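Protein chains: 2
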Amino acid sequence: MSETTLFIHDLEAAVSPARSGPLRGKSLGDLEVHSPASVAISGDRILAVGKPEDVLREHPPGPECVSVDGRGKVAMPGLVDCHTHACFLGDRAREFELRSAGASYEELHAAGGGILSTVSATREGSEDELAAVAERHFGWMLEHGTMTAEAKSGYGLDRDTEMKMLRAIARAAENTPLDVSPTFLAHTPDREFEDAGAYTEYVINEILPEAAKHARAADIFLERGSFEVPEARRYFEAAREYGLALRMHGDQFTERGAIPLAVEVGAKSVDHLEATGDEGAKTLAKSDVAAVLLPACALFLDLPLPPARTLVEEGAIVALATDFNPGSSFCESLPLVMSLACMRLKMSPAESLSACTANAAHVLGMSGEVGRISPGYRADILVLDAPDWRYVAYHLGGDRFAARVKSGELL
Amino acid sequence: MSETTLFIHDLEAAVSPARSGPLRGKSLGDLEVHSPASVAISGDRILAVGKPEDVLREHPPGPECVSVDGRGKVAMPGLVDCHTHACFLGDRAREFELRSAGASYEELHAAGGGILSTVSATREGSEDELAAVAERHFGWMLEHGTMTAEAKSGYGLDRDTEMKMLRAIARAAENTPLDVSPTFLAHTPDREFEDAGAYTEYVINEILPEAAKHARAADIFLERGSFEVPEARRYFEAAREYGLALRMHGDQFTERGAIPLAVEVGAKSVDHLEATGDEGAKTLAKSDVAAVLLPACALFLDLPLPPARTLVEEGAIVALATDFNPGSSFCESLPLVMSLACMRLKMSPAESLSACTANAAHVLGMSGEVGRISPGYRADILVLDAPDWRYVAYHLGGDRFAARVKSGELL
Numbered sequence: 000m001s002e003t004t005l006f007i008h009d010l011e012a013a014v015s016p017a018r019s020g021p022l023r024g025k026s027l028g029d030l031e032v033h034s035p036a037s038v039a040i041s042g043d044r045i046l047a048v049g050k051p052e053d054v055l056r057e058h059p060p061g062p063e064c065v066s067v068d069g070r071g072k073v074a075m076p077g078l079v080d081c082h083t084h085a086c087f088l089g090d091r092a093r094e095f096e097l098r099s100a101g102a103s104y105e106e107l108h109a110a111g112g113g114i115l116s117t118v119s120a121t122r123e124g125s126e127d128e129l130a131a132v133a134e135r136h137f138g139w140m141l142e143h144g145t146m147t148a149e150a151k152s153g154y155g156l157d158r159d160t161e162m163k164m165l166r167a168i169a170r171a172a173e174n175t176p177l178d179v180s181p182t183f184l185a186h187t188p189d190r191e192f193e194d195a196g197a198y199t200e201y202v203i204n205e206i207l208p209e210a211a212k213h214a215r216a217a218d219i220f221l222e223r224g225s226f227e228v229p230e231a232r233r234y235f236e237a238a239r240e241y242g243l244a245l246r247m248h249g250d251q252f253t254e255r256g257a258i259p260l261a262v263e264v265g266a267k268s269v270d271h272l273e274a275t276g277d278e279g280a281k282t283l284a285k286s287d288v289a290a291v292l293l294p295a296c297a298l299f300l301d302l303p304l305p306p307a308r309t310l311v312e313e314g315a316i317v318a319l320a321t322d323f324n325p326g327s328s329f330c331e332s333l334p335l336v337m338s339l340a341c342m343r344l345k346m347s348p349a350e351s352l353s354a355c356t357a358n359a360a361h362v363l364g365m366s367g368e369v370g371r372i373s374p375g376y377r378a379d380i381l382v383l384d385a386p387d388w389r390y391v392a393y394h395l396g397g398d399r400f401a402a403r404v405k406s407g408e409l410l
Numbered sequence: 000m001s002e003t004t005l006f007i008h009d010l011e012a013a014v015s016p017a018r019s020g021p022l023r024g025k026s027l028g029d030l031e032v033h034s035p036a037s038v039a040i041s042g043d044r045i046l047a048v049g050k051p052e053d054v055l056r057e058h059p060p061g062p063e064c065v066s067v068d069g070r071g072k073v074a075m076p077g078l079v080d081c082h083t084h085a086c087f088l089g090d091r092a093r094e095f096e097l098r099s100a101g102a103s104y105e106e107l108h109a110a111g112g113g114i115l116s117t118v119s120a121t122r123e124g125s126e127d128e129l130a131a132v133a134e135r136h137f138g139w140m141l142e143h144g145t146m147t148a149e150a151k152s153g154y155g156l157d158r159d160t161e162m163k164m165l166r167a168i169a170r171a172a173e174n175t176p177l178d179v180s181p182t183f184l185a186h187t188p189d190r191e192f193e194d195a196g197a198y199t200e201y202v203i204n205e206i207l208p209e210a211a212k213h214a215r216a217a218d219i220f221l222e223r224g225s226f227e228v229p230e231a232r233r234y235f236e237a238a239r240e241y242g243l244a245l246r247m248h249g250d251q252f253t254e255r256g257a258i259p260l261a262v263e264v265g266a267k268s269v270d271h272l273e274a275t276g277d278e279g280a281k282t283l284a285k286s287d288v289a290a291v292l293l294p295a296c297a298l299f300l301d302l303p304l305p306p307a308r309t310l311v312e313e314g315a316i317v318a319l320a321t322d323f324n325p326g327s328s329f330c331e332s333l334p335l336v337m338s339l340a341c342m343r344l345k346m347s348p349a350e351s352l353s354a355c356t357a358n359a360a361h362v363l364g365m366s367g368e369v370g371r372i373s374p375g376y377r378a379d380i381l382v383l384d385a386p387d388w389r390y391v392a393y394h395l396g397g398d399r400f401a402a403r404v405k406s407g408e409l410l
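Heads up: the protein sequence lines correspond to chains G and B, in order. Quick note on numbering that gives the first Met the number 0: the first sequence kicks off at 0 and runs consecutively. Quick note on numbering that gives the first Met the number 0: the second sequence kicks off at 0 and runs consecutively.
Take a look at the structure:
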């Protein structure tokens, strides 16, 4: 029997999604609650969770075991952020100010600001700088309870900078306890190319073969002014050949075929969906393509909200993520995203929890590995400094952890 | 000449409202920016702010002086939260969950939940418990950069509990570096009384004479189901006799005369204003009554937004506050409130900063004392761990301070 190396004892409760993802419909809000509870960990794995007397008897902590006092507190799984742009240089604080005075995100982008200003800064910086910034951002995420995060490229556009980003993400990943899942993102056509079609061929022929060695997924931004369905279809067909999971930024400002294409190519997710209508929501709900909702971005850009209740009730695989990036969601806090999901998307606290644990893990292909406090799972655990797990969403901007355990180590 | 006891050197910038409050119209967004900057402090007062070489020459730090390295960082005034309910027992996490499923705040109140559930918990607890909780809440505020905060009573309703709250606030204030400004709040009629009128007489005759010894201001909740104009007028006339500043919760769910009454009695502020129409906004803007906006509450309850742009542009004294309380805004973060003001109320970062520094200080009667980095002001200073002061609003949920100086002491 494995030795207990970390023991969290006498919690008010330990709370997890009731099953691993994908969770749909009513099961999204089903929790497994042990109350009171202790958790025994061996190395980087959870050994047991349950009644304190049972866990103590079956997995007694030895003399070397680290002990965490859970009295008056609750445990929940380390959070999983399945959509972030964590690697970039420069900031967009000035653009934020212009937007508060009424400029729209699309207007700023059309004027060469927006994504393109981050592209300029990212191209100018060194790989060392990029790795240092990504590492700092991963540290911020850990402070807010994120223990597994996706990180996209996409601020290079040209081959060299995209590869610089993916290498920087890999280096930062080695220097952080956070688990990082890298994604290659075709963000917007480089203006040096004649049109989006020509740039797409460049991406497919010149970047993707090399990027596929570093990334687990391939993402594309399907939107007015970026890529349209024909380019995205070509891109997905190529990315699939490398065994990459397929992701899509879709329906953020306009509906233009993202959902039908995602279903057609068997994408893992469509992310954003602020502009999705009733029909699109129902199509997505019937499919195996996850709906990744990004309410911090909708707040940041003052966009309409995605049809979260329709998606949940029609049975979609709903996940939540931060969309952390410098232009449209400079927010790395999943607890804040959960608050927004409850307040604005009318998801329950339980649905919100499953959406950024079990279902986010599913989106990253990590179901059964992270997202629950359950034997055999990676020991990623948050001990909330509150008597009720719902505080993680209820206490707006006030996420406070008494302890964070990452892969069995107390941070 | 006073000795320099704390020296913040070589900041990228030091940023303050350009003048002390009240600030109106265009002046709300006028900042005084020293860049680069150093700040010299003596005891609890600011001696000087300006060019590093000038400050260093005129106020050289002695051998005992505490030094803060400001390189790559920016300083701003400690924040002032002019509307909080920081003293209460119990929580409303269950109610938060019910609201995410569609229950309205007013429905919960009418069913005996809402404020009344906090009243029950607060009545049952001891003064020691209340003081400990208030102290913890003041600590949370300090973490988010608040250095001066109002704290209201109002969860007792009966004389003994209201006085218990005011004593607990006073005791907590002695144990925190935060400056606390206590307010007596007539929150909602106690259901033991025949009607709101009878309860108002009880408040005036039985509570106010004693409460006035502890509080600097008197507040009342003018709303359907709580107090109406005749009771509020009676209350204000009585409170004025004790020299208390007059505050009002008005136009939160319905317009029912709050603004005309506030102008009539010379109130310091009307707070909320989510239901205020164009005429009300213009009346308020022409008056000396401040408009205290609470966007975290509007988010928490998914309410319509107050007419912030009209208020600013018509010349109102606009302040921002958290409305920290367990039911309708469990949020102590003014940086988050500033983010919401920029994203949803379309206030600029500069307007947002003045609204929760100089203008909030005006609402608390502390103009010229706190809310600016300027000689003679109390040395309440935040050093933001960012290269641009706008990050305080731009970095959503990510307020990070490299240093916090409260009354000249490094926290």
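From the three backbone atoms N, C-alpha and C, an ideal C-beta is built for every residue, glycine too. Predicted, not measured: the structure shown is a model, and the values here were computed from it.
Worksheet entry | Presumed contact (8 Å Cβ cut-off) between G/L129 and G/T121, rounded CB distance | Looking up residue 129 of chain G in the first sequence gives position 130. Looking up residue 121 of chain G in the first sequence gives position 122. Yes, G/L129 and G/T121 are in contact; Cβ-Cβ is about 7 Å, under 8 Å.
Discussion item. Considering Cα atoms alone, identify which of G/A274, G/V288, G/E273 is closest to G/P259.
Written reply: Taking the first residue of the first sequence as 1, we reach residue 259 of chain G at position 260. Selected option, being the one with the closest Cα: G/V288.
Worksheet item: Under the rule that 16 or more other beta-carbon atoms within 10 Å means buried, what is G/E403, buried or exposed?
Response: Against the first sequence, residue 403 of chain G aligns to sequence position 404. It should be noted that the sequence gives Arg, not Glu, for residue 403 of chain G. Buried, because 16 or more other Cβ atoms sit within 10 Å of the Cβ of G/R403.
Worksheet item: Using a Cβ cut-off of 7 Å, which residues of the stretch 299-312 of chain B contact any Cβ in chain G, in chain order?
Response: F299, D301
Discussion item. On the DSSP bridge list, what partners appear for G/E319?
Written reply: Counting from 1 along the first sequence, the entry for residue 319 of chain G is found at position 320. Checking the sequence, you will find Leu at residue 319 of chain G rather than Glu. Bridge partners of G/L319: G/L292.
Discussion item. So, at 6 Å on beta carbons, what are the nonlocal neighbours of B/R91 in its own chain, with the 5 sequence-adjacent residues on each side left out?
Written reply: In the second sequence, counting from the first residue as 1, residue 91 of chain B sits at position 92. Contacts found: P325, G326.
Practice prompt. Assign B/P62 to one of two classes, buried (16 or more other C-beta atoms within 10 Å of its C-beta) or exposed (fewer than that).
Written response: Here residue 62 of chain B is taken as the residue at index 63 of the second sequence, counted from 1. With fewer than 16 Cβ atoms within 10 Å of its Cβ, B/P62 is classed as exposed.
Worksheet entry | Which listed residue (B/H58, B/L395, B/E230, B/V14) has its alpha carbon closest to that of B/E2 | The residue given as residue 2 of chain B occupies position 3 in the second sequence. That would be B/H58, whose Cα lies nearest to the Cα of B/E2.
Worksheet item: Nearest chain G C-beta to B/R412 closer than 9 Å, yes or no?
Response: Here chain B covers residues 0 to 410 and nothing more, so residue 412 of chain B does not appear.
Item to complete: Kindly indicate which residue of G/A360, G/M164, G/V382, G/Y390 has the alpha-carbon position closest to the one of G/Y376.
Response: As a working mapping, residue 376 of chain G is identified with position 377 in the first sequence. It is G/A360 whose Cα lies nearest to the Cα of G/Y376.
Worksheet item: If you measure from the beta carbon of B/S328 to each beta carbon in chain G, is any gap under 9 Å?
Response: Reading the second sequence from its first residue, position 329 is the one you call residue 328 of chain B. So, interface residue.
Worksheet item: Just checking my contact of B/G49 with B/N358 at CB under 8 Å: how many whole Å lie between their CB atoms?
Response: Residue 49 of chain B sits at position 50 when you count from the first residue of the second sequence. Residue 358 of chain B sits at position 359 when you count from the first residue of the second sequence. So it is not a contact: roughly 24 Å between Cβ atoms.
Practice prompt. Anything in chain G within Cβ reach of B/M346, meaning under 7 Å, just list it in chain order.
Written response: Here residue 346 of chain B corresponds to residue number 347 of the second sequence, with the count starting at 1. Correct list: S99.
Fill in: Against chain G: residues of the stretch 10-35 of chain B by CB proximity under 7 Å
none
Item to complete: Starting from the N-terminal side, write out each stretch of the alpha helix (DSSP H) that is 4 residues or longer and does not extend beyond the stretch 301-351 of chain B.
Response: 307-313, 333-342
Worksheet item: Exposed or buried, what is B/V317 when buried is set at 16 or more other beta-carbons lying within 10 Å of its beta-carbon?
Response: Position 318 of the second sequence, counted from the first residue, corresponds to residue 317 of chain B. Looking at its Cβ environment, which holds 16 or more other Cβ atoms inside 10 Å, B/V317 is buried.
Item to complete: Would you kindly check if the distance between the Cβ of G/V179 and the Cβ of G/A150 is under 9 Å?
Response: What you label residue 150 of chain G is simply residue 151 of the first sequence in a count that begins at 1. What you label residue 179 of chain G is simply residue 180 of the first sequence in a count that begins at 1. The answer is yes: Cβ separation under 9 Å.
Item to complete: Starting from the Cα of B/G224, find the closest Cα among B/G249, B/T175, B/V262 and give me that residue.
Response: In the second sequence, counting from the first residue as 1, residue 224 of chain B sits at position 225. Cα-wise, what sits closest to B/G224 is B/G249.
Fill in: Burial state of B/V32 (16 or more Cβ within 10 Å)
Numbered from its first residue, the second sequence carries residue 32 of chain B at position 33. B/V32 should be labelled exposed.
Worksheet item: Is the Cβ of B/F95 closer than 9 Å to any Cβ of chain G?
Response: Position 96 of the second sequence, counted from the first residue, corresponds to residue 95 of chain B. It does; some Cβ of chain G falls within 9 Å.
Worksheet item: At a Cβ threshold of 9 Å, is G/P334 touching chain B?
Response: Numbered from 1 along the first sequence, position 335 holds the residue referred to as residue 334 of chain G. Judged by the 9 Å Cβ criterion, G/P334 is in contact with chain B.
Item to complete: Just mark G/K212 as buried or exposed, buried being the case when its beta carbon has 16 or more other beta carbons within 10 Å.
Response: For the purposes of this step, residue 212 of chain G is identified with residue 213 of the first sequence, where counting begins at 1. Its Cβ having fewer than 16 others within 10 Å, G/K212 is exposed.
Practice prompt. May I have a chain-ordered list of the alpha helix (DSSP H) segments no shorter than 4 residues that lie completely inside the stretch 17-81 of chain G?
Written response: 51-57
Worksheet entry | G/I411 in three-state terms, based on DSSP | With chain G represented from 0 up to 410, any question about residue 411 of chain G goes unanswered, as that position is not in the structure.
Worksheet entry | Beta-carbon spacing of B/V79, B/L292 below 9 Å | Position 80 of the second sequence, counting from 1, holds the residue named residue 79 of chain B. Position 293 of the second sequence, counting from 1, holds the residue named residue 292 of chain B. No.
Item to complete: State buried or exposed for B/G153, treating a residue as buried only when at least 16 other CB atoms are found within 10 Å of its CB.
Response: Locating residue 153 of chain B in the second sequence gives position 154, counting from the first residue. Per the 10 Å Cβ criterion, buried.
Item to complete: Indicate the three-state DSSP secondary structure (helix, strand or coil) for B/P188 in the structure shown.
Response: Within the second sequence, residue 188 of chain B is the residue found at index 189, counting from 1. Reduced to three states, the DSSP call for B/P188 is coil.
Worksheet item: For chain G, is any of its Cβ atoms less than 9 Å away from the one on B/Y390?
Response: Mapped onto the second sequence, residue 390 of chain B falls at position 391. Chain G, which has a Cβ nearer than 9 Å to the Cβ of B/Y390, makes this yes.
Worksheet item: What's the C-alpha gap between B/S103 and B/L300?
Response: Along the second sequence, read from residue 1 onward, the residue named residue 103 of chain B stands at position 104. Along the second sequence, read from residue 1 onward, the residue named residue 300 of chain B stands at position 301. The straight-line gap from Cα to Cα measures roughly 8 Å.
Item to complete: Assign B/E11 to one of three DSSP states: helix, strand, or coil.
Response: To locate residue 11 of chain B, count along the second sequence from 1; it is residue 12. If DSSP states are grouped into helix, strand and coil, B/E11 belongs with coil.
Worksheet item: So the beta strand (DSSP E) G/F400 belongs to, where does it begin and stop?
Response: Residue numbering aside, residue 400 of chain G sits at position 401 when the first sequence is read from its first letter. Note, G/F400: beta strand (DSSP E), 400-405.
Discussion item. On a Cα-Cα basis, can you pick out the residue from B/E142, B/D157, B/R135, B/T147 that is closest to B/A171?
Written reply: Residue mapping note: residue 171 of chain B aligns to position 172 of the second sequence, counting from 1. Of B/E142, B/D157, B/R135, B/T147, the residue nearest in Cα terms is B/R135.
Worksheet item: Listing by chain order, which chain G residues have their CB less than 8 Å from the CB of B/L395?
Response: Walking along the second sequence from the start, residue 395 of chain B turns up at place 396. What B/L395 touches in chain G: A295, L298, F299, S328, F329, C330, S332, L335.
Fill in: chain G residues whose Cβ lies nearer than 9 Å to that of B/R343
For the purposes of this step, residue 343 of chain B is identified with residue 344 of the second sequence, where counting begins at 1. Result: L298, D301.
Discussion item. Between which two residues does the beta strand (DSSP E) holding G/G249 run?
Written reply: For the purposes of this step, residue 249 of chain G is identified with residue 250 of the first sequence, where counting begins at 1. Taken as a continuous stretch (DSSP letters only), the beta strand (DSSP E) holding G/G249 covers 244-249.
Discussion item. Counting only Cβ pairs nearer than 7 Å, list the residues of chain B close to G/D218.
Written reply: The sequence position of residue 218 of chain G within the first sequence is 219, counting from 1. Correct list: empty, because the minimum Cβ distance to chain B is about 22 Å.
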